[in-house]
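Top to bottom, those sequences are chains E and Y.
Per our numbering, the very first residue in the first sequence carries number 1; after that it's consecutive.
Per our numbering, the very first residue in the second sequence carries number 1001; after that it's consecutive.
Note that beta-carbon positions come from the ideal geometry of N, C-alpha and C, so glycine has one too.
See below for the structure under consideration.
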Amino acid sequence: MNDVAATDTYPAQMTRVTLYWVAVGLVLFPVLAILGLVMRTLQAGFFAATPPEWFYAVMTLHGLGMVGVWFVAGLAAMSFLLARYVRPSLTVSWIALGMTALGVVMLVAATLVGKLGVGWYFLYPLPFFSEGTWPDWATAALFGALAVLGVAWTVWSGDVLRAIAGRYRLSEALGWHYLSGRDGPDVPPIVIIATVSCIGVLAGLVAAVVILLLIGWEVLGGGTANDALLIKNLTFYFGHMLVNITMYFGVALVYEIMPAYTGRPWKTNTLVVLSWNTVLALVMFAYLHHLYMDFAQPRWLQVLGQLSSYLVSVPAAVVTIFSTLVLTYRSQMGWSLAPTLLYLGVMGWAIGGVAAVIDSTITVNQAFHNTLWVPAHFHTYYLMGVVLMILGGVYHLAVALTSEAENVKRSRVMAAHLVVGGYGLMLSFYLAGADAVPRRFAAYPMEVANGPLLAGISLVFIILFGGLGLYLWDTGRLCVRALRA
Amino acid sequence: MTTTVPLLLFLLSAAIIATVFAVVARSTARAGEVDYARANHLRKVFFVSLLVILAIFLGLTLPRLPYPAEAAVPEQIVNVVSRQFAFSLTEGPGPDSIETWERDFSPLAEVRTGTLVEFRVRTLDVNHAFAIYTPDGRLLAQTQAMPGYVNRLRVVFDEPGTYNVMCLEYCGLSHHAMRGVVEVVEEAQ
């Protein structure tokens, strides 16, 4: 391994800042998950007297929070592993942590105090049409939080690229010498994935900056209304990129950690390089599938959306998912919790990916757009995909730092809870989506009879998924021990 | 379109993926070397199969896009105006501002079966989605209502009945209560 010198205090300090990021994830994840439980409880028809503004405020915090938490957890975990090869700045990571905490406080205040209910992608111009539900300061807090988080994450991602550039030229970090056959250094897959991911993050965050500038100009400069179609394109470009890149952070952990359990190396080769460079090119256009129902969007962009959404699935399936299976096959791997979660995460990514590709078909999307099929597929590749990958990576880190023996029996019970609870919840979403049950309804009207029924059934599976509490307790305990060491 | 085919396709794919992952997981009980030549051959087969499947789906679905074809002339036009939290459906122009809403608003439009109807969908405030549900609860068609734009949704209704309209783009406090109605009557009437 091309480890950087380990004789200084950098590794210990990197471990410390990573553990603080882990703590953020371990605290916020269950809180945000409970908000999801609250939403499905209200949709099931319980506590019917609850004012709808509470549902929509909770929905906004749940969505924004989950997207943000797993982005930072993924980037922190990937940076920790990346530090085996290059040196991301610790100062930048601490500053990003502080600014993220500030952004979270602003979002919590906007939603739970101000009752801001704009949804996780705050589609322009909804934040400015509250109909008396939320005050102006809540809208200001939303955009303030987005500015704080945007700056923090841009600098953090930029610093990861800076660290990589300290050791590799850009063409090397993208692995192009593997394709051209020229001499060059061995580049670990995690470096290539980190480079692709952070370039993607920066591209997405540039769109977010443009959105803030355009809206700021309209509101503060007194200019004319912005073009809603342009803002919608920018919003989904940013949002889709952020969520996709979070998945790649999780995949980076799989590439780096799985070989430690299977005993087989996962090296960079032309296939890996081709795959991730293709992803970088295609992921820029896949967001277009969010705008299929905007008939004013030029038709060629709609077709490009379906084409790129289809094609971006190919490298994921043929290279990463297939290689995970080859790496595992007859490896005599012990199924401790970390590799189990990583492996299940790749499976969830594959299953959710199929549902996403189906929904990215324009003719199908007309029947599924904004029904519960949408949360069905993104919860599959998010909750059952990247979240499990990151949880697996974090557990691997916690065990490595404390050398504590794992209670394998308990781990298996927990994994069973996750699989049954998780996929039961997903199935309730898929069946509701196929039955045209709308998403984002505080309460279902009489004509959507299956909405409350399936929401009620999903509660059972969410409670089963609560077996994850054992993981949170165990991992939290190990992380506290590691911090005190 | 019917959602049964995509649902079954998904469930079948998910079952295959889960089975493959389970089989590989079970294989770890017996140690063995990987035959990389065979694995790469399998990968190539998988790659080509995936491309063929995707190409077939592209070929089947791209010619059936829901966007209006300029060559076809609609036989009936319904102007749909959206606002927080109601739809107005009229054959006339409909409300052109919040101020004229009460005067020009109509919650229901009547159309005929077998007729190419064009819904011209716009909004006076935020984004909405104009989604038509069949009397038995299927989602028949939808398009977004976006500030500054008119989205044209074309539908031919085969069966008479009361078709509910719901908003499918989250638009604020009473999003879930936003309604309209398309009353479809027999062509001969």
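query: Helix, strand or coil: which one does DSSP assign to residue 420 of chain E?
result: Three-state result, residue 420 of chain E: helix.
- request: Within its chain, find whatever has a CB closer than 6 Å to the CB of residue 138 of chain E; leave out the 5 residues flanking it on each side and keep chain order.
  value: Contacts found: 110, 114 and 116.
- request: Measure from the alpha carbon of residue 464 of chain E to the alpha carbon of each residue in E:89, E:32 and E:425, then state which is nearest.
  value: Cα-wise, what sits closest to residue 464 of chain E is E:425.
message: For a cutoff of 7 Å on Cβ pairs, would you count residue 136 of chain E as touching chain Y?
response: Using beta-carbon distances, residue 136 of chain E does not count as an interface residue toward chain Y, since no partner is under 7 Å.
message: Against residue 1107 of chain Y, what residues of chain E qualify as contacts under a CB-to-CB distance less than 7 Å, listed in chain order?
response: Listed along the chain, the chain E residues whose CB falls inside 7 Å of the CB of residue 1107 of chain Y amount to none; the nearest CB is some 15 Å away.
message: Nearest by alpha-carbon distance to residue 1041 of chain Y: which of E:215, E:319, E:57 and E:288 is it?
response: Nearest C-alpha to residue 1041 of chain Y: E:319.
field: Min CB distance residue 95 of chain E to chain Y below 7 Å
entry: Closer than 7 Å to the CB of residue 95 of chain E there is not a single CB belonging to chain Y.
task: Spell out the partners DSSP gives residue 1088 of chain Y in its beta bridges.
output: Partner residues in the beta bridge of residue 1088 of chain Y, as assigned by DSSP, are Y:1081.
- prompt: So, is the C-beta of residue 1096 of chain Y closer than 7 Å to a C-beta in chain E?
  reply: Residue-level contact by beta carbon fails for residue 1096 of chain Y and chain E, as no gap is shorter than 7 Å.
- request: Give a yes or no on contact between the region 28-43 of chain E and the region 207-220 of chain E, applying the rule of three or more CB pairs nearer than 8 Å.
  value: Contact fails: fewer than three Cβ-Cβ distances are below 8 Å.
query: By DSSP, does residue 1119 of chain Y sit in helix, in strand, or in coil?
result: In the displayed model, residue 1119 of chain Y falls within a strand according to three-state DSSP.
message: Could you tell me the alpha carbon to alpha carbon distance between residue 322 of chain E and residue 363 of chain E, rounded to whole angstroms?
response: If I take the Cα positions, the gap works out to 29 Å.
- prompt: Can you find a C-beta in chain Y that's less than 7 Å from the C-beta of residue 331 of chain E?
  reply: For residue 331 of chain E, a Cβ of chain Y is located within less than 7 Å of the residue's own Cβ.
query: Buried or exposed: where does residue 1 of chain E fall if 16 or more other Cβ atoms within 10 Å of its Cβ makes it buried?
result: Only weak support exists for where residue 1 of chain E lies, its pLDDT of 41 falling under 50; the value from the coordinates is given anyway. It is exposed - the Cβ of residue 1 of chain E has fewer than 16 other Cβ atoms within 10 Å.
query: When burial is assigned at 16 or more other CB atoms within 10 Å of the CB, is residue 332 of chain E buried or exposed?
result: So residue 332 of chain E ends up on the exposed side.
- prompt: What residues in its chain sit with their C-beta under 6 Å from that of residue 1016 of chain Y, if we drop five residues either side in the sequence?
  reply: The beta carbon of residue 1016 of chain Y is closer than 6 Å to none in its chain, skipping five residues each way along the sequence.
- prompt: Closer than 7 Å, CB to CB, is residue 347 of chain E near chain Y or not?
  reply: Against chain Y, the CB of residue 347 of chain E has a partner CB under 7 Å away; the residue lies at that interface.
query: Does DSSP put residue 160 of chain E in a helix, in a strand, or in coil?
result: When secondary structure is reduced to three states using DSSP, residue 160 of chain E falls in the helix class.
task: List the residues of chain Y that residue 119 of chain E touches, going by C-beta distances under 8 Å, in chain order.
output: Within 8 Å Cβ-Cβ: 1170.
message: Residues of chain E with CB closer than 7 Å to the CB of residue 1166 of chain Y, please, in chain order.
response: Simply 438.
- prompt: Within 7 Å (strictly less), CB to CB, does residue 362 of chain E reach chain Y?
  reply: Cβ-Cβ to chain Y under 7 Å: yes for residue 362 of chain E.
- request: Measure the CB-CB distance between residue 309 of chain E and residue 406 of chain E and report whether it falls below 7 Å.
  value: Not closer than 7 Å, so no.
For residue 1062 of chain Y and residue 149 of chain E, the rounded distance between their alpha carbons: Cα to Cα, residue 149 of chain E sits roughly 39 Å from residue 1062 of chain Y.
query: Given that residue 371 of chain E touches chain Y, what residues does it touch there, using C-beta distances under 8 Å?
result: Taking the beta carbon of residue 371 of chain E as reference, the chain Y residues within 8 Å of it are 1139 and 1168, listed in sequence order.
- request: Rounded to whole angstroms, what's the CA-CA distance from residue 457 of chain E to residue 428 of chain E? Just pull it up for me.
  value: Spanning the two alpha carbons is a distance of roughly 7 Å.
Closest by C-alpha distance to residue 314 of chain E, when choosing among E:356, E:11 and E:300: Of the residues E:356, E:11 and E:300, the one whose Cα lies closest to the Cα of residue 314 of chain E is E:356.
- prompt: Under a Cβ-count criterion, where at least 16 other Cβ atoms within 10 Å of its own Cβ denotes burial, should residue 1036 of chain Y be classed as buried or exposed?
  reply: Under this definition residue 1036 of chain Y is an exposed residue.
- prompt: Are there 16 or more other CB atoms within 10 angstroms of the CB of residue 104 of chain E, so buried, or fewer, so exposed?
  reply: Its Cβ being crowded by 16 or more others within 10 Å, residue 104 of chain E is buried.
message: Pairs of beta-carbons, one from the region 87-101 of chain E and one from the region 158-168 of chain E, closer than 8 Å: are there three or more?
response: The answer is yes - the region 158-168 of chain E touches the region 87-101 of chain E, with three or more Cβ pairs under 8 Å.
- prompt: What did DSSP end up calling residue 1179 of chain Y once you bin it into helix, strand or coil?
  reply: It is a strand residue.
- prompt: What in chain E is Cβ-close to residue 1126 of chain Y, meaning under 7 Å?
  reply: Neighbours of residue 1126 of chain Y on chain E, chain order: 125, 126 and 129.
query: So, are the CB atoms of residue 26 of chain E and residue 476 of chain E less than 7 Å apart?
result: Yes.
query: So who's on the other strand from residue 1151 of chain Y, going by DSSP bridges?
result: In DSSP, residue 1151 of chain Y forms a bridge with Y:1121.
message: Suppose you measure from the CA of residue 22 of chain E to the CA of residue 86 of chain E; what does that come to, to the nearest Å?
response: Going by the C-alpha atoms only, they are around 21 Å apart.
- prompt: Going by the beta-carbon positions, is the gap between residue 470 of chain E and residue 414 of chain E smaller than 7 Å?
  reply: For residue 470 of chain E and residue 414 of chain E, yes; Cβs fall inside 7 Å.
- prompt: Going along chain E, which residues have a C-beta under 8 Å from residue 1013 of chain Y?
  reply: Within 8 Å Cβ-Cβ: 351 and 354.
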